[in-house]
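Asks: Handing you a structure now.
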């Protein structure tokens with residue numbers, strides 16, 4: 023299974039649409055229903071496309087680059103964006119009109135995320151995390167000691183994990199949604215984080231660091247046999263560079279990571295023991311984007327040379343092609359086998375599965391059974 | 005394994021990869037508050053030079069943030085978890101630069117402004133430590149701007165020393181506010197701290213942009229071509245005399261002088277050829293760094309690779325015999341100028357006059373703890389041994405070694421290997437090819453605190469192939 027992957031022929035994916043935007047694609051987001059995809063650019067423009075890759079118009083969202091775009095979960099008509107101009111804005115995606123300007127910071131707003139239920143939006147700039155419910159400010163979490171380097175909402179929407187220099191912290195929303203006190207420190211490690219990601223089931227948090235480490239925190243209470251474990255920390259090393267790419271498998275206890283030209287899959291141990299790492303080797307350049315498909319059957323990786331690779335669940339590369347320039351973002355359609363890829367030269371590419379007779383919107387029963395077994 | 009080791013193992017590959025360098029040059033502009041950085045930056049940004057320049061300024065900068073190419077930074081320092089205490093990078097810079105470099109329209113040049121209080125190390129190291137930065141950017145030069153009037157009062161501070169020692173270019177700004185004499189002395193001080201820096205005088209930051217941007221200051225080879233004698237000034241001796249001597253016994257007489265001892269080396273014969281003399285001169289640096297041997301009253305002084313130390317009595321001075329076996333041209337190196345001790349070489353009561361004299365600037369004129377050590381060595385260097393030596397040296401002494409630059413003749417390589425380092429990290433690439441008739445040699449310079457010339461010279465020497 024591991025090792026140098028051989029590419030199956032014919033490749034089951036093909037490029038169906040490509041656009042060139044005015045500047046680099048900095049972020050991509052599919053609407054929850056999957057009808058729309060929004061691309062933010064380094065020129066501050068928000069571009070709207072249909073799921074089939076038709077351009078549906080664009081508008082200037084920010085001065086300077088767009089840093090993040092996030093559809094409001096459960097509402098395909100609402101989109102939040104953050105920019106280098108220090109603004110956080112809410113948009114009506116149907117018309118491209120602004121609903122509200124939520125924040126005006128003096129610096130780049132680098133992080134933006136909705137809770138999975140779409141109730142709360144969090145934006146972070148330097149040491150400040152601002153929270154909103156709808157357009158109403160909920161409060162500010164501020165820690166004078168630490169810059170927010172990465173953040174991720176827990177699936178329950180009540181806890182926000184933030185990564186700061188040498189540590190991983192957890193902020194809790196209390197019942198009244200008022201200001202939190204001190205964040206709780208979950209992990210302490212040397213080095214500075216560059217990415218953080220909750221496992222979709224909330225049972226683990228992964229942090230990638232500047233100096234080539236992957237740290238995983240697992241809360242107390244995970245049953246392993248009859249024994250209840252204490253919270254634990256797993257440390258994985260050996261990356262040649264900063265671990266910027268993290269993608270949890272949607273179902274299994276596997277995380278895909280990259281901090282160099284190899285994709286490294288880690289299967290976390292059920293009981294005490296070491297995590298098992300499997301390198302997937304195909305890229306020659308540093309990997310810049312990584313994403314599992316919604317059904318967990320495919321993993322896509324993009325690198326600095328513009329190569330996109332799709333891996334099957336056996337870890338075999340089933341598609342590999344240089345599709346543009348340095349790949350900045352990869353986003354799978356939430357339901358279909360469509361893949362949107364943005365690059366730093368403004369290229370936005372759509373890939374689709376080439377077997378249209380087989381309806382990819384539903385996972386076949388035998389595939390599901392297979393996932394359960396593994 | 006530390007990052008230093010990773011860096012070093014890339015040394016050979018890098019030297020073989022002599023493709024066109026498409027990386028964007030980065031200038032680090034440093035200087036104390038009020039030295040005129042803002043004026044200089046504004047000039048650079050408004051001048052018609054056709055370059056697309058991005059400026060990253062620190063939090064307290066004064067340039068309008070409306071300027072689309074100006075980004076504010078936080079001076080956020082991250083330690084690298086690799087066992088090196090001085091491996092630090094600027095996290096904010098990595099994030100900002102990564103975004104700037106992921107744009108469709110690339111910048112031609114990036115300028116990073118830092119305050120005078122900050123150690124330029126983390127900024128410079130960012131370009132060695134982070135793979136993405138290394139891949140897309142190259143450190144062009146560290147430019148230090150000083151207020152000529154102000155710095156005269158503060159030049160003895162550690163911060164000042166470090167700032168000046170780190171610089172590739174020192175801009176003596178506001179030099180109209182000091183006298184010509186003060187300016188000369190200031191230049192002298194800067195030179196004492198950092199032998200390699202290019203020094204420019206400016207008024208209101210008014211200078212040719214070409215002197216600051218895109219100068220590839222790390223290229224020691226180019227620098228050495230500009231000032232071929234930059235190593236000469238570092239001779240450990242103040243004086244060298246060439247003598248035509250016959251076989252026999254001479255006498256060296258010294259009167260009491262400013263020091264209780266004087267160090268001496270006598271080498272030859274065969275120094276008629278100036279090139280051979282040049283070679284011996286360099287060798288003498290190595291000799292000087294070894295432990296001196298006190299002159300034995302009975303045995304006297306002999307020709308050869310020995311550094312002698314001669315005690316000079318406060319009342320009577322010193323006299324010793326000098327034994328010459330073969331006639332020919334010899335050179336006598338002395339630690340101090342002969343006139344300080346009324347030094348004479350005599351035979352049969354008659355003084356022998358040197359055919360030629362060379363006087364060298366004392367290496368420790370200001371007795372600073374910060375200084376430079378230059379080494380020049382003919383022959384080829386063994387890449388593996390060099391790598392092992394550098395890794396070990398920088399691991400032990402990296403905190404005190406601010407900058408390292410070199411042009412090496414690596415055994416088996418057709419091109420010169422050009423490299424630079426900041427603290428514990430270094431990075432290099434292939435330079436110009438060796439001409440078929442060129443004498444292959446290596447040059448290195450270390451700039452830092454409490455440098456041990458002997459250790460450095462012996463270390464490099466042990467790497468000879």
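Residue numbers (the numbering used here), protein chains in the order written: chain A, 23 to 396; chain B, 5 to 469.
Cβ coordinates follow ideal geometry from the N, Cα and C atoms, glycine included.
Since the structure is predicted, the reported quantities are computational estimates derived from the model, not experimental observations.
(1) What's the call for residue 51 of chain B, buried or exposed, on a 16-neighbour Cβ count within 10 Å?
(2) So, with DSSP's three-state summary, where would you put residue 140 of chain B?
(3) Under 9 Å Cβ-Cβ, which residues of chain B neighbour residue 301 of chain A?
(4) Could you work out which residues of chain B lie near residue 148 of chain A, taking near to mean beta carbons separated by less than 8 Å?
(5) Would you list the one or two residues that DSSP bridges to residue 18 of chain A?
(6) Mind listing which residues of the segment 344-361 of chain A have their C-beta closer than 9 Å to chain B's C-betas, in chain order?
(7) Output the boundary residues of the beta strand (DSSP E) element that contains residue 88 of chain A.
(8) Measuring only the C-alpha atoms, how far is residue 224 of chain A from residue 299 of chain A?
(9) Examine the Cβ distances between the segment 128-136 of chain A and the segment 104-117 of chain A and report whether three or more of them are shorter than 8 Å.
(10) Is residue 187 of chain A buried or exposed, if buried means 16 or more other CB atoms sit within 10 Å of its CB?
(11) Please go through the same chain and pick out, in chain order, the residues whose beta-carbon is closer than 7 Å to the beta-carbon of residue 41 of chain A, but skip the five residues on each side of it.
(12) Would you mind working out which of A:80, A:79, A:148 sits nearest residue 77 of chain B, comparing C-alpha positions?
(13) Using the three-state DSSP reduction, which class does residue 71 of chain A fall into: helix, strand or coil?
(14) For residue 412 of chain B, which residues of its own chain have a beta-carbon under 6 Å away from its beta-carbon, when the five flanking residues on both sides are left out?
(15) Just how far apart, CA to CA, sit residue 4 of chain B and residue 34 of chain B?
(16) If you reduce the DSSP assignment to three classes, tell me which class residue 213 of chain B lands in.
(17) When burial is assigned at 16 or more other CB atoms within 10 Å of the CB, is residue 376 of chain A buried or exposed?
(18) Please say whether residue 217 of chain B and residue 44 of chain B have beta carbons closer to each other than 9 Å?
(19) Can you tell me where the alpha helix (DSSP H) holding residue 191 of chain B begins and where it ends?
(20) Tell me the residue span of the alpha helix (DSSP H) that contains residue 125 of chain B.
(21) Can the beta-carbon of residue 357 of chain A be found less than 9 Å from the beta-carbon of residue 44 of chain A?
(22) Would you mind reading off the limits of the alpha helix (DSSP H) that contains residue 46 of chain B?
(23) Kindly indicate which residue of B:245, B:152, B:241 has the alpha-carbon position closest to the one of residue 205 of chain B.
(24) Using C-beta distances below 7 Å, list every residue in its chain close to residue 232 of chain A, excluding the 5 sequence neighbours before and after it, in chain order.
(25) So, with DSSP's three-state summary, where would you put residue 298 of chain A?
(26) Does the pairing of the segment 116-134 of chain B with the segment 194-202 of chain B give three or more beta-carbon distances under 8 Å?
(27) What are the start and end residues of the alpha helix (DSSP H) that includes residue 153 of chain B?
(28) Using the C-alpha atoms, what's the distance from residue 354 of chain A back to residue 374 of chain A?
(29) Which one or two residues does DSSP pair with residue 118 of chain B in a beta bridge?
(30) Could you tell me which of B:327, B:284, B:321, B:185 sits nearest to residue 252 of chain B, measuring between CA atoms?
(31) In terms of alpha-carbon separation, which member of B:418, B:219, B:456, B:358 lies closest to residue 439 of chain B?
(32) Hey, residue 227 of chain A and residue 220 of chain A are a contact pair by Cβ (cut 8 Å); roughly how many whole angstroms apart?
(33) With DSSP as the reference, label residue 273 of chain A as helix, strand or coil.
(34) Kindly confirm or deny that the segment 109-126 of chain A and the segment 125-141 of chain B touch, where touching means at least three C-beta pairs closer than 8 Å.
(35) Under 9 Å between C-beta atoms, does residue 25 of chain B make it to chain A?
(36) Among B:377, B:387, B:61, B:310, which residue has its Cα nearest to the Cα of residue 169 of chain B?
Replies: According to the structure data:
(1) Looking up residue 51 of chain B in the second chain gives position 47. Exposed.
(2) Mapped onto the second chain, residue 140 of chain B falls at position 136. Helix.
(3) Reading the first chain from its first residue, position 279 is the one you call residue 301 of chain A. Here the premise fails: no neighbours, minimum Cβ distance about 17 Å.
(4) For the purposes of this step, residue 148 of chain A is identified with residue 126 of the first chain, where counting begins at 1. The contacting residues are 78.
(5) In this structure chain A extends from 23 to 396, so residue 18 of chain A is not present and cannot be described.
(6) 347, 348, 350
(7) In the first chain, the residue the question calls residue 88 of chain A occupies position 66. Residues 88-94.
(8) As a first step, residue 224 of chain A is located in the first chain; it is residue number 202 there, counting from the start. As a first step, residue 299 of chain A is located in the first chain; it is residue number 277 there, counting from the start. Each residue's alpha carbon lies about 21 Å from the other.
(9) yes
(10) The count along the first chain starts at 1 and reaches residue 187 of chain A at position 165. With 16 or more other Cβ atoms within 10 Å, it is buried.
(11) Sequence index remark: in the first chain, residue 41 of chain A carries index 19 (1-based). 77, 370, listed in sequence order.
(12) By one-based count along the second chain, residue 77 of chain B stands at place 73. Closest option to residue 77 of chain B, Cα to Cα, is A:148.
(13) Here residue 71 of chain A refers to the residue found at position 49 of the first chain. Note: residue 71 of chain A maps to strand in three-state DSSP.
(14) Here the question's residue 412 of chain B lines up with position 408 in the second chain. Hits under 6 Å: 385, 421, 446.
(15) The structure shown does not extend to residue 4 of chain B, since chain B is modelled only from 5 to 469, so the question has no answer here.
(16) Start at 1 with the first residue of the second chain, and residue 213 of chain B comes out as number 209. Three-state DSSP puts residue 213 of chain B in a helix.
(17) To locate residue 376 of chain A, count along the first chain from 1; it is residue 354. That one is exposed.
(18) If you number the second chain from 1, residue 44 of chain B lands on position 40. If you number the second chain from 1, residue 217 of chain B lands on position 213. Not a contact, by the Cβ cut-off of 9 Å.
(19) Numbered from 1 along the second chain, position 187 holds the residue referred to as residue 191 of chain B. From DSSP, the alpha helix (DSSP H) with residue 191 of chain B extends over 184-197.
(20) By 1-based counting over the second chain, the position of residue 125 of chain B is 121. 125-133 is the extent of the alpha helix (DSSP H) around residue 125 of chain B.
(21) Position 335 of the first chain holds residue 357 of chain A. Position 22 of the first chain holds residue 44 of chain A. Against a cut-off of 9 Å, the Cβ pair of residue 44 of chain A and residue 357 of chain A comes out as no contact.
(22) For the purposes of this step, residue 46 of chain B is identified with residue 42 of the second chain, where counting begins at 1. Start and end: 41-50.
(23) Residue mapping note: residue 205 of chain B aligns to position 201 of the second chain, counting from 1. Ranking the options by Cα distance to residue 205 of chain B, first place goes to B:152.
(24) Residue 232 of chain A sits at position 210 when you count from the first residue of the first chain. These residues qualify, in order along the chain: 213, 214, 216, 264.
(25) Along the first chain, read from residue 1 onward, the residue named residue 298 of chain A stands at position 276. Residue state, collapsed to three classes: strand.
(26) no
(27) One-based indexing of the second chain puts residue 153 of chain B at position 149. Residue 153 of chain B -> alpha helix (DSSP H) spans 152-158.
(28) Here residue 374 of chain A refers to the residue found at position 352 when the first chain is read from its first residue. Here residue 354 of chain A refers to the residue found at position 332 when the first chain is read from its first residue. Taking the straight line from one Cα to the other gives about 10 Å.
(29) Within the second chain, the letter at position 114 stands for residue 118 of chain B. Per DSSP, B:34.
(30) Your numbering for residue 252 of chain B matches position 248 in the second chain. Nearest of B:327, B:284, B:321, B:185 to residue 252 of chain B, Cα basis: B:327.
(31) Along the second chain, read from residue 1 onward, the residue named residue 439 of chain B stands at position 435. Out of B:418, B:219, B:456, B:358, B:418 has the C-alpha closest to the C-alpha of residue 439 of chain B.
(32) Here residue 227 of chain A is taken as the residue at index 205 of the first chain, counted from 1. Here residue 220 of chain A is taken as the residue at index 198 of the first chain, counted from 1. Sure, about 6 Å apart at Cβ, within 8 Å.
(33) Within the first chain, the letter at position 251 stands for residue 273 of chain A. Residue 273 of chain A: coil per DSSP, three-state reduction.
(34) no
(35) In the second chain, counting from the first residue as 1, residue 25 of chain B sits at position 21. Answer no: the Cβ-Cβ gap between residue 25 of chain B and chain A never drops below 9 Å.
(36) Along the second chain, read from residue 1 onward, the residue named residue 169 of chain B stands at position 165. Ranked by how close their Cα comes to the Cα of residue 169 of chain B, the residues B:377, B:387, B:61, B:310 have B:377 in first place.
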